[in-house]
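Residue numbers (my numbering), protein chains in the order written: chain A, 92 to 371; chain B, 25 to 315; chain C, -5 to 270.
Each residue gets a CB set at the ideal place from its N, CA and C atoms; glycine is no exception.
The structure presented is a predicted model; accordingly, all values stated were derived computationally and were not measured.
Have a look at the structure below, then the notes.
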Amino acid sequence: MRRRIDPRAEQNFFRGLLWLFTGVTVLILFFIIFYILKNGLPVVSVEFLTKNPQEMGKAGGIFPTIVGTVALTLLAVLIASPLGIGSAIYLTEYTRENWVTRVIRFGSECLAGIPSIIFGLFGFILFVTKLGLGWSLLSGGLTLGFMVLPTIIRTSEEAIRSVPYSYREVSLSLGGTKWQTVTRVVLPSALPGIATGIVLSVGRSIGETAAVIFTAGSSLHIPTSLFSSSRTMSVHFYILAREGISMSNAYGTAAVLVIAILVINIVAYGLMQRFMRKYC
Amino acid sequence: MKGRARMTRLERNERLIRLALLLIAFSAVSILLVITVFIFGEGTPIMFRHGLTKFLFNGDWYPLDKSYGLLPMIIGSLVVTGGALVIGVPFGLACAIALTEFSSKRLRHVLKPVIELLAGIPSVVYGFMGVVILVPFIRDHLGGPGLSVLAASIILGIMILPTIISISIDSLEAVPQSYREGSIALGATRWQTTRMVMLPAAKSGIIASIILGMGRAVGETMAVIMIAGNAASIPRSPLDPVRTLTSNIALEMGYAAGEHREALFATGVILFVIIMVLNTIANLTSRRRTR
Amino acid sequence: MIASKNFLCKRLHVLILSLVVSFGVHGGCARGTGQRGVVVAGSTSMQPFADHWAEVYMKEHPGRVINVQGGGSSAGIQAAREGAADIGMSSRELKPEEKDLLEVMVAWDGLAVIVHPSNPVEELSVEHVQEIFVGTITHWATVGGFNRPITVVTREEGSGTRGAFQEMVMKTSRISRRAIVQDSNGTVREIVAHDPESIGYISLGLVDSRVKAVRIDGVDPSFENIERKKYRLIRPFLFLTNGRPSGAALEFINFVLSRPTQEMIRHDGLIPVFKE
């Protein structure tokens, strides 16, 4: 007669195991944030955020890197948003599901999976070298824009799709054209969802290093034009940390980065909640 | 007559808008196309010139001596990714199961977004934590330089946790409640239900999450450069340093010229192919789920 | 209401776009001597120094912009040739096939072989260093140290520092493929500073209290010994241009070669080109 394990005991064992693993997982993830903030927050001050770095970052602040990060991210979003939202509008409003839409969506999904280093390679060879743009905000912005394009397409598509059909019906029955319906009824309603996608892209751009370092360069000066090279916070942190230039400043930069990303993600989450509450 | 002209102009405008939007929509595909064509265009000639087998299975990477064997890096990527899965899958799945089958909805709705938030932490920060905490630990207690397969696997495993957890939770939540209720009604415990009903039902989504996690691990560059040691040789133990395909590109891209540059593009081609295959498999398995 | 919000959105979008375009056009027209400035790219060994020189230069000549990038010596050579940089930086001699570029020597730098401060080894012969980096010597005990394996740390293949090391120490032998590779001197220093079993090579000017520079063939790696030509591991810091330099690039090169800057170079830890 085969000995049977008491199912309840089995469940208790596995439940314990599962919670142990979960506890360890959550602990590790929280520990990373805690460690960075614990070592980095003391370094962060108004001075740190507004002064220029000295001695290649050993002293002084990180102001140019903040400017660089903001400029680069803004550029990426400005490039990706019209393309992404336009694509989403087309996919949802202007066509049925057919091979064209499947190709477009497949292309977008594949783009999403390409590792950032390949974007960096592509951006370096095409923008920096072949097109002669050099290490610049423009090279970096274009590269980052292409990287976040799939995210914006995906979230915008979902957002637009979620707008109830009745909204469109009402507008059309009132005599509005398709385009009027889209721009004056559907888009404004889908805005929180679209904004979520944009905010998520911003979050991703801020943390991106591999693609940025090869296209926007690592100049420590405040960028003055699209063709200036600029260092982002991620790149600055990477350089400070690896070369041991200043551990405390590295932690400080990391703390600013982490907090920025946390805030951005919370905002995105809040936007998404507001959107879902509206339509679900 | 005048009324008819106005309607045609409106129709024409609408058609123009539709065309413009179609072109914009193709932008995503064309960008992908440009990148693909570019990378393949620059990378494939050298593979055929040197012979594909020699390229993939030669163990000597000394580009300045014209020796372009990618084998150590291919093995490096495989080993490090495998190691990441060994760590990421058990912990990630356990977390997903615990949060869907064994806890309240409220807890899940608090923890899941928090875990997804952690996916946004930049990879350089993960790499840094590895350098500051993990590498010295391995060096002092396990031997070797600390910069190793083990370090890379652990850090990558942690990095892919949010991906696996988030998508697995989604898959488990998507299984109809009736499955769960039916199983309990038949007298099964929650664990038995999970093991024999829920997991098989959510299988394709969970597999998709693992494959996506794999894709992320294969494509990771910065963290790996910081903690894996970047030695261009086949690792003989988990404590040996290792170089991945991604690190190879990043380390040498800035200065590679001529044939060397083509060799790096070829590395990119191989990476590209691996990730495309992984992505397609993930898409296919998750699409099967929704049917 | 929806219509007016949309109208405002459109206006805002146009405003942002026009700002971006004008920013870009302004930047585009001012390339070279204006906003983009003089791009100086290449050797990571030279980068911190070049950055310092650029800082001083820009302070003395407000309005001028010098843009310093890294990437490694070979990257700098490439960039100078392809035009991505106005001035390329190389911390090794040019190879015969690279001699199409014009070179200007701006400083000398010593190459230091470093170990962890707790490592009992104080000196090594060039032959020993070579054998360690090839991989034939694998234990510190063989060269008079403690009984632990040697962890070899090297720069990446395109590095000028590695190129110089290859030329002066390795000669025709290859550095072991099992060596740990890092892509900047600072990172190599970090690793050696934390790993008691490691050995590496960095720019002499970068050596600080966290690592120990060993004597090579009995000679202490000091600036005096380099100037007296007793310490033989030295390499040139070169500025490279595609053709004769002109305009802002020429001015910067002249600035670096000027007396006051060369004094500063000695202060920074390098060996100036012009003796007093």
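Worksheet item: Which word fits C:E326, buried or exposed, when buried means at least 16 other C-beta atoms lie within 10 angstroms of its C-beta?
Response: In the structure as shown, chain C starts at -5 and stops at 270, and residue 326 of chain C therefore has no counterpart that could be examined.
Fill in: With 16 other Cβ atoms within 10 Å as the buried cut-off, status of B:I63
Buried, because 16 or more other Cβ atoms sit within 10 Å of the Cβ of B:I63.
Worksheet entry | Where the segment 96 to 120 of chain A meets chain C: residues whose CB sits under 9 angstroms from a CB there | Here the close residues number zero.
Worksheet entry | A:A100 versus B:W215 - alpha carbon distance | Answer to the nearest angstrom: the Cα atoms are 10 angstroms apart.
Worksheet item: Out of curiosity, what's the CA-to-CA distance linking B:F79 and A:T323?
Response: Those two C-alpha atoms are separated by around 36 angstroms.
Item to complete: Could you please give me the residues that DSSP links to C:K206 through a beta bridge?
Response: According to DSSP, residue pairing for C:K206 in a beta bridge involves C:V109.
Discussion item. Does any residue of chain C have a CB that is nearer than 8 angstroms to the CB of A:A351?
Written reply: Taking a beta-carbon distance threshold of 8 angstroms, A:A351 does not count as an interface residue toward chain C.
Item to complete: Starting from C:I259, follow the alpha helix (DSSP H) in both directions and report where the run begins and ends.
Response: C:I259 -> alpha helix (DSSP H) spans 253 to 262.
Item to complete: Rounded to whole angstroms, what's the CA-CA distance from C:P90 to A:G148? Just pull it up for me.
Response: Straight across, the Cα-Cα distance linking C:P90 with A:G148 is about 37 angstroms.
Worksheet entry | Check whether C:L264 and C:F233 have beta carbons under 8 angstroms apart | No, these two residues do not count as a Cβ contact at 8 angstroms.
Worksheet item: Roughly how many angstroms separate the alpha carbons of A:P98 and B:L185, rounded to a whole number?
Response: Approximately 29 angstroms, taken between the alpha carbons.
Worksheet entry | Residues bridged to B:V92 (per DSSP) | The question names Val, but residue 92 of chain B is Tyr in the sequence shown. Its beta-bridge partners are B:W85.
Fill in: Members of the segment 353 to 366 of chain A near chain B, C-beta cut-off 8 angstroms
Residues of the segment 353 to 366 of chain A with a Cβ closer than 8 angstroms to any Cβ of chain B, in chain order: L353, I355, N356, I357, Y360.
Discussion item. Distance cutoff 8 angstroms, beta carbons only. Does C:S192 sit that close to anything in chain B?
Written reply: The beta-carbon of C:S192 is placed less than 8 angstroms from the nearest beta-carbon of chain B.
Item to complete: Please compile the residues from chain C whose C-beta is within a distance smaller than 7 angstroms of the C-beta of A:G308.
Response: Under a criterion of Cβ atoms nearer than 7 angstroms, the residues of chain C adjacent to A:G308 are, in order, Q63.
Practice prompt. Identify each residue in the segment 318 to 339 of chain A for which the Cβ-Cβ distance to at least one residue of chain C is less than 7 angstroms, and report them in chain order.
Written response: Residues F318, S319, S320, R333, E334, G335, I336.
Item to complete: Would you please state the rounded distance, in angstroms, between the beta carbons of A:S178 and B:A52? I believe it to be under 8 angstroms.
Response: The beta-carbon distance between A:S178 and B:A52, rounded to whole angstroms, is 6 angstroms. This is short enough to meet the 8 angstroms contact definition.
Worksheet item: Closest by CA to A:E334, which one among C:N248, C:R75, C:A187, C:G154?
Response: Sorting C:N248, C:R75, C:A187, C:G154 by C-alpha distance to the C-alpha of A:E334 places C:A187 at the top.
Fill in: First and last residue of the uninterrupted alpha helix (DSSP H) at C:S192
In the DSSP annotation of this structure, C:S192 is not part of any alpha helix (DSSP H); the continuous beta strand (DSSP E) holding it starts and ends at 192 to 197.
Discussion item. Restricting to runs no shorter than 4 residues, where is the alpha helix (DSSP H) found entirely within the segment 112 to 179 of chain A?
Written reply: When DSSP assignments are scanned along the segment 112 to 179 of chain A, the uninterrupted stretches of alpha helix (DSSP H) that are 4 or more residues long and fall wholly within it turn out to be 137 to 141.
Discussion item. Can you list, in chain order, the residues of its chain with a C-beta nearer than 6 angstroms to that of C:V33? Leave out the 5 residues immediately preceding and following it.
Written reply: The answer, listed in chain order, is N61, A79, D80.
Worksheet entry | Residue-chain proximity (C:V147, chain A), Cβ-Cβ < 8 angstroms | False, the Cβ-Cβ gap to chain A never drops below 8 angstroms.
Discussion item. To the nearest angstrom, how far is the alpha carbon of C:F17 from that of B:L56?
Written reply: Any answer about C:F17 is weak, because its pLDDT of 49 lies below 50 and its placement is not dependable; what the coordinates show is given next. Cα to Cα, the separation comes out at about 28 angstroms.
Worksheet item: The alpha helix (DSSP H) spanning C:L271 covers which residue range?
Response: Here chain C comprises residues numbered -5 to 270, so residue 271 of chain C is not present and cannot be evaluated.
Worksheet item: Could you give the distance in angstroms between the alpha-carbon of C:G104 and the alpha-carbon of C:V146?
Response: Rounded to whole angstroms, the gap between the alpha carbons of C:G104 and C:V146 is 20 angstroms.
Discussion item. Under DSSP, the beta strand (DSSP E) around C:M83 begins and ends at which residues?
Written reply: For C:M83, the uninterrupted beta strand (DSSP E) run begins and ends at 81 to 84, by DSSP.
Worksheet item: Curious, which full-length beta strand (DSSP E) runs of at least 3 residues does the segment 232 to 319 of chain A contain?
Response: DSSP runs (the beta strand (DSSP E)) wholly in the segment 232 to 319 of chain A: none.
Worksheet item: If we call anything under 8 angstroms between Cβ atoms a contact, is B:L141 one with B:L131?
Response: Taking 8 angstroms as the Cβ cut-off, B:L141 and B:L131 do not qualify as a contacting pair.
Discussion item. Output needed in chain order: residues of the segment 218 to 240 of chain A with a Cβ under 8 angstroms from some Cβ in chain C.
Written reply: For the segment 218 to 240 of chain A, which is checked against every Cβ of chain C, the residues closer than 8 angstroms are V219, T220, G223, G225, W226, S227, L229.
Worksheet item: When every heavy atom of the ligand PLP is checked, does at least one fall within less than 7 angstroms of the C-beta of A:P144?
Response: Inclusion of the ligand PLP in the displayed structure is not the case, the ligand content being empty and no account of it being possible.
Item to complete: Kindly list, in the order they appear in chain A, the residues whose Cβ is closer than 9 angstroms to that of C:T235.
Response: The premise fails here: C:T235 is roughly 16 angstroms from chain A at the closest Cβ pair, so nothing lies under 9 angstroms.
Worksheet item: Opposite C:R149 in the DSSP bridges: which residues?
Response: Paired residue(s): C:Q176.
Worksheet item: Can you find a C-beta in chain A that's less than 8 angstroms from the C-beta of B:N307?
Response: With 8 angstroms as the cut-off, B:N307 counts as an interface residue toward chain A.
Worksheet item: Count the other CB atoms within 10 Å of the CB of A:W190; is the residue buried (16 or more) or exposed (fewer)?
Response: Classification of A:W190: exposed, given that the 10 Å Cβ count is below 16.
Worksheet entry | Nonlocal neighbours in the same chain, by C-beta distance under 7 angstroms from A:F139, ignoring five residues either side | Annotation for A:F139: G152, I153, G343 place their beta carbon closer than 7 angstroms to its own, counting only its chain and skipping 5 residues before and after.
Worksheet entry | Proximity test, Cβ basis, 8 angstroms: B:G144 and chain A | Yes, because at least one Cβ of chain A sits closer than 8 angstroms to the Cβ of B:G144.
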